[in-house]
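Worksheet: the structure to be examined is printed underneath.
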Amino acid sequence: MNTTTGAWWMRRWQNFMQQVGVNSDATALRGLRVKRLEVQPGQIQAQVAEREHGTAGVEVRLPLISDAQWNAIIDALGSQALFAAQLLAGNMPAEIEQVFADAGSRLLPASAAELDCHFAATSGNGGNGSTGDFAGRALAVVFAQLGEMVADDPWLLLRLRGRDREQVLAALQERRNSTTQDVTARAVPAVDGAAAQNGAFYKLPQQAGRPADDEQEELEDRVADFWGRRKVLEEAHYHLARPAVELALLRRLGPITPAADGLEAFALLQQMYHSTTRKAWDMAFAPDEDPELDEPENGDA
38 MNTTTGAWWM RRWQNFMQQV GVNSDATALR GLRVKRLEVQ PGQIQAQVAE REHGTAGVEV
98 RLPLISDAQW NAIIDALGSQ ALFAAQLLAG NMPAEIEQVF ADAGSRLLPA SAAELDCHFA
158 ATSGNGGNGS TGDFAGRALA VVFAQLGEMV ADDPWLLLRL RGRDREQVLA ALQERRNSTT
218 QDVTARAVPA VDGAAAQNGA FYKLPQQAGR PADDEQEELE DRVADFWGRR KVLEEAHYHL
278 ARPAVELALL RRLGPITPAA DGLEAFALLQ QMYHSTTRKA WDMAFAPDED PELDEPENGD
338 A
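In my numbering, the protein residues as written are 38 to 338.
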């Protein structure tokens with residue numbers, strides 16, 4: 038996970054802890070140790086130990102996002118090319134929370150009322166009068182530990198809400214494939230009855246303003262314009278910038294096949310993309326050559 042992105046999700050989780058009233062003061066959590074922590078759809082299960090109070094189990098349950106809401110979220114994510122590319126590349130952008138909101142849902146619960154927290158002392162002196170304090174601190178240390186995990190893998194938040202990384206990526210991939218098929222179907226022109234007959238060749242209808250094939254200029258007469266007319270090229274405007282997500286299109290398409298040769302071809306294509314991008318970048322920003330320096334001075338051979 039990108040360091041900057043991880044730090045953002047860590048801060049976001051700390052804000053969430055304050056929002057639901059969980060103490061995030063590190064000094065209050067000294068002496069506590071999280072022995073086990075599991076994140077499952079709709080629940081967090083952990084085991085916390087402290088020398089004074091022994092071991093206790095902590096469980097936090099939160100509502101799952103419904104299938105209908107998830108479908109709306111996937112549609113919203115898939116409709117934005119940059120989001121889809123970042124997710125399919127394995128990154129989870131911070132702006133994803135707004136996508137959830139636009140789809141009528143929330144990535145994180147809005148308040149502590151949506152959390153169902155349970156504490157149970159399993160060993161040691163958990164039954165003394167300070168059990169309540171131990172329970173609150175145990176819950177806090179579990180949330181703090183989960184925050185570190187979220188900073189390293191924000192996909193855990195989606196898992197908490199009902200969909201793991203594989204499910205989200207598979208749904209995005211399916212939506213992309215479906216969209217591609219729809220676009221392809223609309224792009225293919227319909228064949229009329231005459232063209233559909235056996236032995237018939239379909240020919241695109243003649244567009245207005247375009248000369249017929251027999252009226253077009255010979256290729257030899259247009260060699261000078263192979264790279265385009267100079268005036269048109271000079272009027273062209275372009276913008277060069279490094280991609281927001283490296284190899285976004287290639288990663289969205291994925292390997293040709295899951296077999297070894299498909300993965301090898303995918304790796305080679307990645308190298309070619311990197312090499313081509315680097316070469317194009319170097320060429321675009323290379324210093325212009327001064328033609329006067331190439332001309333021999335008077336007296337030079």
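Virtual Cβ for every residue (Gly too), placed ideally from N, Cα, C. In this text, all values refer to a predicted model and were calculated from it rather than measured experimentally.
Straight across, the Cα-Cα distance linking T92 with N128 is about 36 Å.
DSSP assignment within the region 97 to 176 yields the following whole alpha helix (DSSP H) runs of 4 residues or more, N-terminal first: 104 to 115, 118 to 125 and 133 to 139. The alpha-carbon separation between L195 and L144 amounts to approximately 7 Å. Boundaries of the alpha helix (DSSP H) harbouring R196: W192 to L197, taken from the DSSP string. Cβ atoms of P130 and F137 stay farther apart than 8 Å, at about 12 Å. Within its own chain, the residues whose Cβ lies closer than 6 Å to the Cβ of K72, once the five positions on either side in sequence are excluded, are Q84 and A86, listed in chain order. Boundaries of the beta strand (DSSP E) around L69: L69 to Q77.
With the rule of 3 Cβ pairs closer than 8 Å, the region 148 to 157 does not count as touching the region 110 to 119. Taking A285 as the centre and dropping the five residues before and after it, the same chain places the C-beta of A122 and A126 closer than 7 Å to its C-beta, in chain order. Annotated three-state conformation of A63 is helix, per DSSP. Listed as beta-bridge partners of E87 by DSSP are L69 and G91. The alpha-carbon separation between G184 and M47 amounts to approximately 6 Å. Straight-line measurement puts the Cα of E257 at about 42 Å from the Cα of G299. For D189 and G173, the gap between their C-alpha atoms comes out near 25 Å.
When the beta-carbon positions are compared, V76 and A177 stay at least 8 Å from each other.
Pairing L101 with G169 gives a Cβ-Cβ distance that is not under 8 Å. Non-local C-beta neighbours of A63 in its own chain, meaning closer than 7 Å and more than five positions away in sequence, are absent. For the pair Q106 and A147, the CB atoms are not nearer than the 8 Å cut-off.
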